[in-house]
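Worksheet: the structure to be examined is printed underneath.
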Amino acid sequence: MAQRKIAVLGAGAWGTALANLAARNGAAVILWARDTDHAAEMRATGVNARRLPGVPLALNVKPTQSLAEAAAADVVFLTVPTQALRPVCEALAGAVAPGVPIVIGAKGIERATGLFPSEIAAEILPANPPAVLSGPSFAVDVAKGLPTAVTLAAESSERAAALAATLAAPWFRLYHARDVRGVEIGGAAKNVLAIASGIAAGRGLGASAGAALIARGFAELSRFGRAFGADPATLAGLSGLGDLVLTCSSAQSRNFSFGFALGCGASVAAAASEARLTEGVYTCPVLVDLARQKAIEMPISAAVEAVLSERIEIGAAIEALLARPPKPEVSAENTDARLYE
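According to our numbering, the residues represented by the sequence shown are 1320 to 1660, in order.
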């Protein structure tokens, strides 16, 4: 049998970790970097020192700056940031063969259009079925072989299971699902809520406040998800609650660290200049706008958006959240949702 060819577009830490996983399973892997010098460095050293230092690339991972070379694959993983996904998909159009699956590892919502990553891919690459990969995972943990579990979702359970098998490892457990939108919503909303958790930690509000933010943040995520047709079970799973807990409780999270800097007194500009990429900053305004369009109550997310746009000081935002009128934790008309309301 011919060796399977896998392409990973995006040579960040996550893309590099996924490339090594696919290589471990016997695939010939192309790891695409936009920067020609970056690709050359990886070929020369066998390490992605810029993004995942100390982790050797597998021998069957080939770094390249040639998108045409990457497009000639049996499966394409897109691990570029959400806001960069559209131009990469446009560059792939006409180069990737029809029917080649596209697996998206980006977490967010396109700011200019309000589209989720799978919608962007489906719009530009209609002949290539999109799938999404998300869940509580730090690239460095995966690269070190630490136990991690995530979700891969596609419209077909069979396709999702087959794609999951390309990355499976004893320490990297993949669950497959069909709820593409639910998996994407969890990955997008948790980044915004992680900024709130980081602010609270930086402000020194304590562990009790941190736990409350995660619980009430999950209520917001769940309300938003149900309004957009997500399965509540997906939202309560790895790509929803699981990713929310991880991102809201670890300084390894760039969104949490960004919020922490804000809570410690840094300006939005200063905190942003220190962060390599904070997806929640870009997702926040469009998430809040989509929620307003559907009259979805998301007070924590709205407070983060107001802070990021500098319409309100952090102290005033906290006071406003604490001053909200008391209400039942579970609404009478949604008793089956339990804590989702």
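The beta-carbon is built from N, C-alpha and C at its ideal position, and this holds for glycine as well.
DSSP places I1631 outside both helix and strand once states are collapsed to three, so it counts as coil. If you look at P1372, you'll find it isn't in any beta strand (DSSP E); DSSP assigns it neither H nor E. Annotation: T1383 to V1348 spans about 10 Å, alpha carbon to alpha carbon.
In this structure, the beta-carbon distance from L1493 to A1483 falls below 8 Å. Counting every other CB atom within 10 Å of its CB across the protein chains shown gives T1432 a total below 16, marking it as exposed.
The alpha-carbon separation between D1498 and T1553 amounts to approximately 7 Å. Three or more beta-carbon pairs separated by less than 8 Å link the stretch 1614-1631 to the stretch 1529-1545, which places the two stretches in contact.
Annotation: the continuous beta strand (DSSP E) that includes K1381 extends over 1380-1383. A contact is defined here as three or more CB-CB pairs under 8 Å, and the stretch 1558-1566 meets this definition with respect to the stretch 1506-1525.
K1646 is classed as exposed because its beta carbon has fewer than 16 other beta carbons within 10 Å across all chains shown.
In the DSSP annotation of this structure, the continuous segment of the alpha helix (DSSP H) that includes W1333 starts and ends at 1332-1343. For the options H1495, P1406, V1459, L1328, the alpha carbon positioned closest to that of V1394 is the one of L1328. Checking the DSSP bridge columns, you'll see V1469 partnered with L1493. For V1502, the enclosing alpha helix (DSSP H) starts and ends at 1499-1521. In this model, P1604 and S1558 are separated by some 21 Å (Cα to Cα). Under the three-state reduction of DSSP output, A1450 falls in the strand class. Its chain contains F1435, L1540, F1543, G1544, F1547, A1549, L1554, G1559 as the residues whose beta carbon lies nearer than 8 Å to that of I1504, once the 5 sequence neighbours on both sides are disregarded; these appear in chain order.
CA-CA distance, G1529 to S1516, rounds to 6 Å. By the neighbour-count criterion, in which a residue is buried when 16 or more other Cβ atoms sit within 10 angstroms of its Cβ, S1476 is exposed. Counting the other CB atoms within 10 Å of its CB gives A1446 a total below 16, which places it among the exposed residues.
At a cut-off of 4 residues, the continuous stretches assigned as alpha helix (DSSP H) that sit fully inside the stretch 1573-1637 are 1573-1582, 1587-1593, 1598-1612, 1618-1627.
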